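Quick note: the sequence shown uses our numbering, first residue 24, plus one each step.
Working notes, beginning with the structure itself.
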Amino acid sequence: MAQTSTRLEQSLANPAPVGLLGFALTTILLNFANAGFYPLGSTVLAMGLFTGGVAQYIAGIMEFRRGNTFGTTAFLLYGSFWVTLVFVFVLPRLGWAAAYTNGSMAVFFFFWGLFSLFMFAGTLRLNGALMAVFGTLFILFFLLSAGFATNNANIIKLAGYEGILCGLCAFYTAMAEILNEVNAKSILPVFPVKTKA
C-alpha cells in the first residue's frame, strides 16, 4: 500500500507553477492599476476571480494531495484573498453590502501582511526565490495598509510599483520551476537554502 501511494505521489505534476503564475499575473495586473497606469476595472476583477482565485485553489488542493502544508496554505489562502478582494469591490455595486472604508481596508491589508510575514519566515528554510516572493509580498501588504490608513495616494502608488516587483518575483519562480523540471537541470536558479548536515 505504501509503495502504491509513493508511486502515485511521484506521478503527480508539480502544482506550484500554476499557483505561482495565478498569483503573479494577477498581482502584476492589479498593481499596474495601483501604480496609476490604468483604473481598476473588469480585467483586474476577472483576473482576480479566476486566475488569482480559481487557479490558486486548484494548486492548493493539489499541494494538499502531495502532503505540502506550506504550499496548501499559501495557495488556498492567497486564492481566497483574491476572491475576497473581488467581492469587496463587487458587493457594494450589487447593493448587497456597504462600500468599504479606508479604515477597514487598512485593517484588511494589515492582517494579510502579518500572515505574509509569517509565511516569509517559512521560506527561510526553502529557497531565495520564494524568499523574494514572500518578502516583497509582506512589504506590499503593509504599504497598502499604511496607504489606506493615512488616505495617502502616493503610498498606494509606491505599493503599486513594489507589487509589480512582487509579481515579477513570483513569475520568475514559476518559470524556474517549469524550465528546471523540463530540462532536468538548473536553467533559472532558485537559490536553495543550504542546510547543515
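The beta-carbon is built from N, C-alpha and C at its ideal position, and this holds for glycine as well.
These numbers come from a predicted model, not from an experiment.
Tell me whether residue i sits in a helix, a strand or coil according to DSSP, three-state version.
i, result
"N150", "strand"
"P215", "strand"
"S139", "helix"
"P40", "helix"
"W105", "helix"
"I210", "coil"
"F112", "helix"
"A25", "With a pLDDT of 48 at A25, under the threshold of 50, the predicted position of this residue should be treated as unreliable, though the coordinate-derived value follows. Helix."
"F132", "helix"
"T124", "coil"
"L35", "coil"
"G75", "helix"
"G59", "coil"
"G118", "coil"
"N54", "helix"
Relative to the alpha-carbon of residue i, which residue among the options has its alpha-carbon at the smallest distance?
i, options, result
"F132", "L44, L108, L149 and W119", "L108"
"P40", "T96, V216, A58 and A193", "A193"
"L167", "P115, Y123 and G183", "G183"
"F171", "G90, G83, A199 and N125", "N125"
"V77", "G90, L44, N91 and N57", "L44"
"N150", "V216, A144 and G94", "V216"
"V156", "L181, F46 and S34", "F46"
"L21", "F93, Y80, N206 and V111", "With the chain covering 24 to 220 only, the question about residue 21 has no answer from this structure."
"L72", "T49, I201, A144 and K208", "T49"
"M142", "R89, I162, K180 and R116", "I162"
Residue range of the alpha helix (DSSP H) that residue i falls in?
i, result
"G183", "A176 to N206"
"A78", "A78 to R88"
"T66", "S65 to M70"
Leaving out the 5 sequence neighbours to the left and right, which residues in its chain are closer than 7 Å to residue i when beta-carbon positions are compared?
i, result
"F104", "W135"
"I178", "L166, A169 and G170"
"F87", "T95"
"A120", "L114"
Excluding sequence positions up to five away, which residues of its chain have a Cβ less than 8 Å from the Cβ of residue i?
i, result
"A36", "M85"
"R148", "V216 and T218"
"L153", "T146, T196 and V213"
Under 6 Å Cβ to Cβ from residue i, same chain only, skipping five residues before and after it: list those, please.
i, result
"L53", "V67"
"I187", "I51 and N54"
"G42", "Q79, A82 and F98"
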